[in-house]
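Undergrad: Just so we're aligned: the sequence shown equals residues 5 to 373 in full-length UniProt numbering. Each residue gets a CB set at the ideal place from its N, CA and C atoms; glycine is no exception. Mind having a look at this structure? Questions to follow.
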Amino acid sequence: TTIPAKCAGCGAKLQTERQQDRGYVPAGALNREPVICQRCFRIKNYNEASSVTLDQNEFLKLLNQVGETKSLVVHIVDIFDFEGSLIGGLSRFVGGNPIILVVNKLDLLPKLVNPNKIVNWVQAQAKELGLRAVDVVVCSAKKNTGFERVIESLERHRDGRDIYVVGATNVGKSTLINRLIRDYSDLDNELTVSQYPGTTLDLVNIPLDDGSSIIDTPGIVYEHRISELAAKKDLQTLLPQGEMKPTVFQLNEQQTVFWDAYARFDFVRGERQSFTFFNSNAISLHRTKLERADSLYEEHKGELLSPPSKEDLDKLPKWTKHAIRIPRGSAKDVFISGLGWVKVNSSSGAELIIHAPKGVKVSIRNSLI
Ligand code: GDP
């Protein structure tokens, strides 16, 4: 047989001699159609096996099993939805195993933000939420930045152990693991899919050069994130696709801002001040008077205020109200899981009401930016 010149996946020149080099394909795989190199073959397999998700209870059982092994846990979180994607109690569930917190999607934050400040903020925030991490690393799997630091951290803390990668859905776990496979996995071994005992759940095993493995676990589904409750087709609207362009509103008390028909922000009481909205650029913000807000919503939801569309709105939980008081002289974010946050830089304090679908996590935190 003649070897096609190039890998149909990545375009590398194919060769069957040197396993460690680009374009390697085992001779036995040359009759596959189309012919792709071993690395592309693994990425393809991984992509087919990696879309499994789990609810919270099943996930906790899995974590308990991880707790019985001696391993390193890599927890990927999304900087856009930090509190929403953080696995509460992870430290407890994985026993004494060390946890590395990998904070992904740094590219969504305004470019001027200093990554070290983000690391410090994450460390403080994680501690407050009861998660003890041996290291915090920020990166962008999409832009391929900060990745060397991730590898470095894995190397430093691995100590020959298996690495379990855990995370909520849509944090970029697959994107990141694809990078690991490309840059880091042992090219002598096949990517395998094993079964989580007693279930049909797939754990993807990525062999490393010292005989240990990176084990990808299913994505955990958290219904306290708007992005999880919303229609699948609106996900690309809710999740920012690139650097967020924050919107600043100078508001008087008794004014309201809608995030399309997803949620609503009422400035009930306080001195005139600015509020900075961080959300996907594809969400439209609508400002109105508080006294007009109810009727505006009734008249325009699913139309001027959309997404969600009328039909999809019916499938979302009804809104509940969250009364929030921002203390005087503090820089706080009002955080809405899966939608974004509003920075309140208040010298005089503010009373707010957030309306959001029931079950969606709404909280107040020290400002990220
Ligand atoms: P998983 O569900 O955790 O496996 O997440 P995916 O890897 O499928 O990614 C979910 C979404 O986030 C996709 O739309 C990705 O393109 C996007 N994504 C992943 N990593 C990044 C990143 O570093 N930056 C940005 N902006 N988006 C990312």
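By DSSP, does Y50 sit in helix, in strand, or in coil?
TA: Three-state DSSP puts Y50 in a helix.
Undergrad: Between the region 20–32 and the region 59–68, do at least 3 Cβ pairs fall closer than 8 Å?
TA: They do not touch, by the three-pair rule.
Undergrad: With a CB to CB cut of under 8 Å and the five nearest residues on each side skipped, what residues in its chain are close to L133?
TA: E87, L90, G92.
Undergrad: Am I right that T173 and E232 are in contact with their C-beta atoms under 8 Å? What's the rounded C-beta distance?
TA: That pair is a contact at about 7 Å.
Undergrad: When every heavy atom of the ligand GDP is checked, does at least one fall within less than 6 Å of the C-beta of T179?
TA: It does: the Cβ of T179 is within 6 Å (strictly closer) of some heavy atom of the ligand GDP.
Undergrad: In angstroms with no decimal places, state the Cα-to-Cα distance between V154 and V106.
TA: Cα to Cα, V154 sits roughly 7 Å from V106.
Undergrad: Using only CA atoms, which one of L64, F63, G99 lies nearest to S75?
TA: Ranking L64, F63, G99 by Cα distance to S75 puts G99 first.
Undergrad: Are the beta-carbon atoms of V142 and I167 separated by less than 7 Å?
TA: Result no, Cβ atoms of V142 and I167 do not sit closer than 7 Å.
Undergrad: Helix, strand or coil for A354 per DSSP?
TA: DSSP places A354 in strand when its eight states are reduced to three.
Undergrad: Going by DSSP, which residues form a beta bridge with W345?
TA: Note: W345 sits in a beta bridge opposite F282, F339.
Undergrad: Which residue marks the beginning of the alpha helix (DSSP H) containing V252, and which one marks its end?
TA: Note, V252: premise wrong, no alpha helix (DSSP H); beta strand (DSSP E) at 251–255.
Undergrad: Could you tell me the alpha carbon to alpha carbon distance between I218 and I185, rounded to whole angstroms?
TA: When rounded, the distance between both Cα atoms is 9 Å.
Undergrad: In angstroms with no decimal places, state the Cα-to-Cα distance between N124 and N118.
TA: C-alpha separation (whole angstroms): 10 Å.
Undergrad: Buried or exposed, going by whether 16 or more other CB atoms sit within 10 Å of the CB of L289?
TA: By the 10 Å Cβ count, L289 comes out exposed.
Undergrad: Tell me whether N51, by its Cβ, gets closer than 6 Å to a heavy atom of the ligand GDP.
TA: No, the Cβ of N51 stays beyond 6 Å of every heavy atom of the ligand GDP.
Undergrad: According to DSSP, simplified to helix, strand and coil, what is P119?
TA: Looking at P119 - three-state DSSP - the assignment turns out to be helix.
Undergrad: Output the distance between the C-alpha atoms of I103 and I80, rounded to the nearest integer angstrom.
TA: If you take the alpha carbons of I103 and I80, they lie about 10 Å apart.
Undergrad: State yes or no: is the C-beta of V175 nearer than 6 Å to some heavy atom of the ligand GDP?
TA: At least one heavy atom of the ligand GDP is nearer than 6 Å to the Cβ of V175, so yes.
Undergrad: Let's see if you can read the secondary structure: which residues bound the beta strand (DSSP E) around L289?
TA: Note, L289: beta strand (DSSP E), 289–293.
Undergrad: Kindly examine the ligand GDP and report whether one of its heavy atoms sits closer than 6 Å to the Cβ of D59.
TA: False, no ligand heavy atom lies under 6 Å from that Cβ.
Undergrad: Scan the region 148–184 and note each continuous alpha helix (DSSP H) run of 4 residues or more that stays entirely inside, going in chain order.
TA: If we require 4 residues or more, the alpha helix (DSSP H) runs fully inside the region 148–184 come out as 151–162.
Undergrad: Enumerate in chain order the residues of its own chain whose CB-to-CB distance from A297 is below 8 Å, with the five nearest sequence positions on each side excluded.
TA: The residues are T260, F262, R268, D270.
Undergrad: Hey, how far is the Cα of T221 from the Cα of V169?
TA: Distance between the alpha carbons of T221 and V169 is about 6 Å.
Undergrad: Can you tell me where the alpha helix (DSSP H) with R229 in it begins and where it stops?
TA: Neither: R229 is in no alpha helix (DSSP H) and is coded neither H nor E.
Undergrad: Given R22, which residues of its chain have a CB within under 7 Å of its CB, disregarding the five upstream and five downstream residues?
TA: The residues are Y28.
Undergrad: Taking only the alpha-carbon atoms, compute the straight-line gap between I373 and K115 and give it to the nearest angstrom.
TA: About 11 Å.
Undergrad: Please state whether the Cβ-Cβ distance between A12 and I40 is less than 7 Å.
TA: Result yes, Cβ atoms of A12 and I40 sit closer than 7 Å.
Undergrad: With H, G and I counted as helix, E and B as strand and the rest as coil, what does DSSP make of Q23?
TA: Q23 falls in the coil class under three-state DSSP.
Undergrad: Let's see if you can read the secondary structure: which residues bound the alpha helix (DSSP H) around T241?
TA: Its alpha helix (DSSP H) spans residues 239–242.
Undergrad: Helix or strand or just coil, what does DSSP make of Y266?
TA: Y266: coil per DSSP, three-state reduction.
Undergrad: Could you spell out where the alpha helix (DSSP H) holding K314 opens and where it closes?
TA: Its alpha helix (DSSP H) spans residues 314–319.
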